[in-house]
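So for the sequence shown, the working numbering puts the first residue at 79; every next one is plus one.
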Amino acid sequence: VIAKNGGAPNGDSPLMKAGEDMKDPEPEQAPPKHEDGPDVEYGVFDPEDEGGLAVALPVAEEEDPYIQSAVEYDPDAKPPIYRRRRFRLYAFLGFFALVAVAVGAVIGIVLSGNSSSSDDAEAEEDPVRVRIERLVGAEALDDPGSPYEQAYLWMKYNDTLGVEPNDPNFVQRFALVSFYYATTVDEPWNTCNPPEDDEEDNCIYRHLVGLPSSYQDFPWIRWLTPTKECEWAGIYCDDDSNQLRAIELHGNNLNGEWPESLKLLPFLQSISLPWGSLSGPLPADVAELDHLVSIEAQYNDWTGPIPREWFESRQLVRLNLAGCKLSGTIPPSVGQAKDLRALYLQSNDITGQIPPEIGQATNLAFLYLNKNALTGTIPETISDMSSLERFYVQKNDLN
């Protein structure tokens with residue numbers, strides 16, 4: 079219902095805003111009604127009149143009467159949103175959630191700060207351990223008596239050279255110290271072990287050059303001495319960068335399993351550990367050494383198969399595993415060794431057939447497979463090996 083705009087008192091707008099409380103106007107005094115007739119607000123009704131008509135009387139119009147302003151009313155309308163009980167509940171829950179998130183964020187920041195503080199405190203307390211643990215993992219480092227643990231203890235308490243964890247050669251030095259402990263499991267080397275009592279740092283390294291006991295002597299420095307690791311016996315480093323390039327310890331009675339720490343030497347090009355007592359399986363991760371071109375580990379006690387990954391290492395030029403206890407077959411991946419020049423596998427327990435893929439190793443010049451348990455026939459692809467100079471395959475079970 080829209081009311082006539084007759085003006086509102088006190089200058090207020092004649093239209094009420096939606097949602098405002100609307101008071102009912104004071105009821106006007108209704109004129110007297112006739113008992114037996116219809117309601118007549120302004121006029122007279124004569125019941126004796128047969129026509130039953132009401133007679134209208136003129137009424138003087140009041141000047142500028144106030145008419146209560148009306149608003150449209152929708153009986154289905156809901157109260158304003160901020161007055162709803164559900165809204166108040168949701169608002170409370172939302173506020174509570176925001177507070178919880180804020181508290182959680184503060185706790186996270188505090189805990190993160192405490193964690194960082196703990197890490198910093200640990201690093202300040204034992205930076206050597208923190209650095210090594212990042213290299214090999216806490217489990218390997220905490221293994222009692224392991225080469226990693228012994229190397230860590232030596233570098234922390236006995237290495238008087240003062241190599242810091244952030245020094246460029248820290249990892250290289252740790253890897254070689256661990257290498258020594260990994261290859262002296264049963265007994266020390268023949269020569270150039272760490273000095274004992276009043277021994278000098280100098281030593282005479284006896285390098286085996288031929289069987290049964292043909293040695294050549296070289297003056298060198300003992301291992302685990304307060305000198306640069308590149309000066310230790312059998313170690314060859316680059317002169318400019320002091321990065322380790324080769325380990326050559328021929329006939330020095332190395333014992334134990336394959337030194338795991340060799341994988342920490344990314345620039346290693348040559349591993350030469352023949353005529354020793356090393357045993358166990360050959361690890362596949364040796365192939366991850368991107369610069370490795372030569373492996374000489376003949377006349378040890380290796381067991382198990384040759385890892386196929388070794389042949390997938392395309393840069394490998396020389397592989398000598400003769401005179402061991404290797405078993406299994408020659409993997410077909412041998413054909414992927416495009417740069418391989420010499421493969422010595424004689425005097426093992428290798429079985430199966432010679433894989434025809436070997437013909438893809440076209441740079442292979444020296445192939446020694448004699449004294450094994452190979453079967454089948456010699457593959458015709460051998461004729462594709464244009465660089466082949468020597469091929470020994472006698473004393474097998476070939477057809």
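For each residue, glycine too, the CB sits at the ideal point set by N, CA and C.
Whole angstroms are fine: how far does the CA of residue j sit from the CA of residue i?
| i | j | result |
| --- | --- | --- |
| T465 | E211 | Just to set this straight, residue 465 is Ser in the shown sequence, not Thr. The alpha-carbon atoms of S465 and E211 are separated by roughly 47 Å. |
| I299 | E278 | 9 Å |
| C270 | W301 | 6 Å |
| R323 | F345 | 6 Å |
| D197 | Q250 | For D197, the predicted model reports a pLDDT of 48, less than 50, meaning its position is unreliable; a value from the coordinates is still stated below. Cα to Cα, D197 sits roughly 24 Å from Q250. |
| A443 | R396 | 10 Å |
| M479 | D237 | It is not possible to answer for residue 479, since the shown part of the chain is limited to 79 through 477. |
| R468 | L445 | 6 Å |
| Y470 | A420 | 12 Å |
| T455 | E274 | 57 Å |
| T459 | P361 | 29 Å |
| D316 | N247 | 12 Å |
| N426 | G215 | 35 Å |
| L289 | D295 | 15 Å |
| Q472 | Q424 | 10 Å |
| S292 | L286 | 6 Å |
| P222 | E309 | 29 Å |
| Y151 | A178 | At Y151 the pLDDT is 35, less than 50, meaning the model places this residue with poor confidence and gives no usable figure here. |
| Q228 | S319 | 27 Å |
| G329 | A375 | 11 Å |
| Y314 | R209 | 25 Å |
| L219 | K306 | 24 Å |
| T440 | N244 | 45 Å |
| P337 | Q431 | 31 Å |
| D363 | S461 | 32 Å |
| L404 | E217 | 30 Å |
| P297 | P272 | 15 Å |
| L343 | A180 | 48 Å |
| P385 | M233 | 33 Å |
| T453 | G406 | 12 Å |
| Q321 | Y258 | 18 Å |
| L213 | P266 | 26 Å |
| Y226 | I325 | 19 Å |
Measure from the alpha carbon of residue i to the alpha carbon of each residue in the options, then state which is nearest.
| i | options | result |
| --- | --- | --- |
| L394 | T305, D204, D417 | D417 |
| A253 | Q347, K341, H285 | K341 |
| N448 | T429, Y230, N441 | T429 |
| V206 | D220, E217, V241 | V241 |
| N378 | L399, P385, D276 | L399 |
| P359 | C315, V263, E335 | E335 |
| Q438 | P457, G223, I313 | P457 |
| L367 | Q347, P383, K403, D264 | Q347 |
| S224 | L176, T262, P272, P266 | T262 |
| D204 | F389, Y235, Y226, S461 | Y235 |
Which of helix, strand or coil does DSSP assign to residue i?
| i | result |
| --- | --- |
| F345 | coil |
| E338 | helix |
| S461 | helix |
| Q438 | helix |
| Q424 | coil |
| S411 | helix |
| K403 | strand |
| I210 | helix |
| S224 | coil |
| V364 | helix |
| V431 | Checking the sequence shown, residue 431 turns out to be Gln, not Val. Reduced to three states, the DSSP call for Q431 is coil. |
| R308 | The question names Arg, but residue 308 in the sequence shown is Cys. The answer is helix: DSSP assigns C308 an H, G or I state. |
| P110 | Reliability fails at P110, whose pLDDT of 49 lies under 50, so the model's placement of it is uncertain and no value is given. |
| Y377 | coil |
| L356 | strand |
| E326 | strand |
| P273 | coil |
| S256 | helix |
| W298 | strand |
Do the CB positions of residue i and residue j come within less than 7 Å of each other?
| i | j | result |
| --- | --- | --- |
| I408 | I373 | no |
| L327 | L351 | yes |
| P304 | L231 | no |
| G413 | I436 | yes |
| N331 | N268 | yes |
| N477 | N450 | no |
| A260 | Y283 | no |
| S391 | S339 | no |
| A415 | E387 | no |
| P433 | P410 | yes |
| D276 | N333 | no |
Check whether chain C comes within 7 Å of residue i, counting only Cβ atoms and requiring the distance to be less than that.
| i | result |
| --- | --- |
| Q414 | No chain C appears in this structure, which consists of one protein chain only. |
#### Entry: the segment 352-364 in contact with the segment 379-389 per 3-pair CB rule at 8 Å
Touching, yes.
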